[in-house]
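The structure appears right after this line, and notes come after that.
Number of protein chains: 2
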Amino acid sequence: MLTPEQIASYERDGYLLLPELFTPAEMAVVRRAASDIYAMNRPEVWRGKDGEFRLAFGVQHYHPVFDLFLRHPRLVEPTRELLGGDVYCHQYKLINKQPFGKLDFPWHQDFANWSKFDGMPEPRALNISVFLDEVNEFNGPVIFIPGAHKEGLITADVLPMEGIDQDGAHTIQGRELERIARANGMVAPKGKAGTAVLFHPYMPHASSPNQSPWSRSTIYLTSNRVDNHITRPTRPEYVAHTDFTPLRAVADDALLTYVEEAAAA
Amino acid sequence: MLTPEQIASYERDGYLLLPELFTPAEMAVVRRAASDIYAMNRPEVWRGKDGEFRLAFGVQHYHPVFDLFLRHPRLVEPTRELLGGDVYCHQYKLINKQPFGKLDFPWHQDFANWSKFDGMPEPRALNISVFLDEVNEFNGPVIFIPGAHKEGLITADVLPMEGIDQDGAHTIQGRELERIARANGMVAPKGKAGTAVLFHPYMPHASSPNQSPWSRSTIYLTSNRVDNHITRPTRPEYVAHTDFTPLRAVADDALLTYVEEAAAA
């Protein structure tokens, strides 16, 4: 459970860093599962022009470790607490920034997509990113503007976003973003593998390419309050889920138990 | 003059950070001169497709402040000391990474260009970058691999570089760069306006786009030992100078005196 200070920090800043929420042993299980995904050929697995893995959507549907991870109490409980009720999984993806890769993301707010393409009524959702690898200043950390979620949806200076996973999504730029960034500053949370970052649907975020030899693989889980479920899905089910069943937490040691049972089988 | 520790640090790491080498008052003079350059239309001033200023070569030839700055004792003396003799200016440019701009640089070593295109015999030169604006982790700082200058010229996994100011220059990538970066780590020197960074011709370096609202304007001065002057210039004179006259230092207060005299005139 989150402390009152952590809840206040999320509400003030629009993000919350939970350093090393998962142990190295747990993250080793998750990284092995990610390696399985990298090798898969499925419609949910998207690659760049060079054939390089970029991201995979809906990973709970074709890997049991990611299904367990989605329901992990250390992810489900803080989300229920911050959103104030039962939640379901709206989107769940694995993104890998390869060493010396080109993948980057311009400034954007996720709620713009969820509203426009999926018909999500209100920003009663949140993202959790979990670092599968250590994130440092050289491998393309996500940059936030603390407190900028209070600006709501930014509609000035918007351009269509280019990029393989953002069909028509919008990019924020220009004077409005400048005003908000000058007023609030920027922060790029870093940490060891197993660290998690929760952030608000209105939080503007961006990231640079990975300039380093160190992979930066990350899970992004979007949880939405059940009574805020989407109403006009236009994207594939694996991009915007339509199963609104509440997430129920598995046991806290589920990842390690899974490996032990798989080894015994 | 540099301390023995600073000289040892440069030789060990291949770069040396000199925090706030110039005062805010001096940098205000240099920034005003840079603003004059941004507005100029000359062959030496290069812009992107959007008309945005990117860089200007040979700025000493058309702005008196940059001519003074080139000869500033706090730049000339450390260079003479590290290179062990008289030096001349091989290249001198102003680069501006605009707020939320696209300008970045892939991994490369400058000596590859100086040798191939200009016929510089040996790496008896060095770069000094001087920060006209504060450099932070969000506005595209230059990344180094400490100690990697000892690798010499990296010839494996080389690709032609794309970019408006690097006609045919090569980009380092792949396993060789990975090996060197894993062995040495990375560093991105930051600091207030007026900070200088000296770095070796063999130092691999790269930088990401400016993701912030804060301009990142930088002077890059390449000094070469006079007895190592170039022998086969193929690029415009403003890119690779052919005047090998040794740089003689002006007075230490030359920038402020210039402004006073200009105001009195």
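These protein sequence lines map, in sequence, to chains A and B. Counting from 1, one number per residue, gives the positions in the first sequence under the UniProt record's numbering. Counting from 1, one number per residue, gives the positions in the second sequence under the UniProt record's numbering. We put the beta carbon where it would ideally sit given N, CA and C, even for glycine.
DSSP places Gln91 of chain A in the uninterrupted beta strand (DSSP E) bounded by 87-97. In this structure, DSSP gives Gly191 of chain A an extended state, which the three-state scheme calls strand. In the three-state reduction of the DSSP assignment, Val30 of chain A falls in the helix class, which pools H, G and I. Interface criterion not met: the Cβ of Gln6 of chain A is under 8 Å from no Cβ in chain B.
Nearest Cα to Pro78 of chain A within the set A:Ile143, A:Asn210, A:Val226, A:Leu126: A:Leu126.
With respect to the C-alpha of Arg32 of chain A, the residue from A:Ala265, A:Ala264, A:Tyr258 having the closest C-alpha is A:Tyr258. Chain A places no beta carbon closer than 8 Å to that of Ile154 of chain B, leaving this residue out of the contacts. Taken in chain order, the complete beta strand (DSSP E) segments of 3 residues or longer contained in the stretch 10-87 of chain A are 15-18, 45-47, 53-57. By the neighbour-count criterion, in which 16 or more other beta carbons inside 10 Å mark a residue as buried, Pro236 of chain A falls on the exposed side. Interface with chain B (8 Å Cβ-Cβ cutoff): Ile95 of chain A is excluded. In the structure shown, the three-state DSSP call for Val130 of chain A is strand.
Counting other Cβ atoms within 10 Å of its Cβ, Arg225 of chain B reaches 16 or more and is therefore classed as buried. The C-beta separation of Ile7 of chain A from Asp118 of chain A comes to about 27 Å, leaving the pair out of contact by the 8 Å criterion.
When secondary structure is reduced to three states using DSSP, Ser208 of chain A falls in the coil class, being assigned neither helix nor strand.
About 19 Å separates the Cβ atoms of Ile128 of chain B and Ala148 of chain B, ruling out a contact at the 8 Å cut-off. Looking at the DSSP output, Tyr220 of chain A sits in a beta bridge with A:Lys93, A:Ser129. Spanning the alpha carbons of Tyr15 of chain B and Ala254 of chain B requires a straight line of approximately 26 Å. According to the DSSP assignment, Thr234 of chain A belongs to no beta strand (DSSP E), since it is labelled neither H nor E. The three-state secondary structure of Val259 of chain B, taken from DSSP, is helix. In this structure, Val250 of chain A places its C-beta atom within 8 Å of the C-beta atom of His72 of chain A. Per DSSP, Leu198 of chain B is one residue of the beta strand (DSSP E) stretching across 196-199.
The beta-carbon of Glu151 of chain B is placed no less than 8 Å from the nearest beta-carbon of chain A. Taking the beta carbon of Leu177 of chain B as reference, the chain A residues within 8 Å of it are Phe100, Pro213, listed in sequence order. Under a 10 Å Cβ-count criterion, Lys49 of chain B is classified as exposed, with fewer than 16 other Cβ atoms of the shown protein chains found around its own Cβ.
When C-beta atoms of the stretch 88-98 of chain A are compared with those of the stretch 184-203 of chain A, fewer than three pairs fall below 8 Å, so the two segments do not count as touching. In terms of Cα proximity to Pro19 of chain A, the closest of A:Phe244, A:Asp252, A:Ser212, A:Val130 is A:Val130. Following the DSSP letters along the chain, one finds Trp114 of chain A inside the alpha helix (DSSP H) bounded by residues 110-118.
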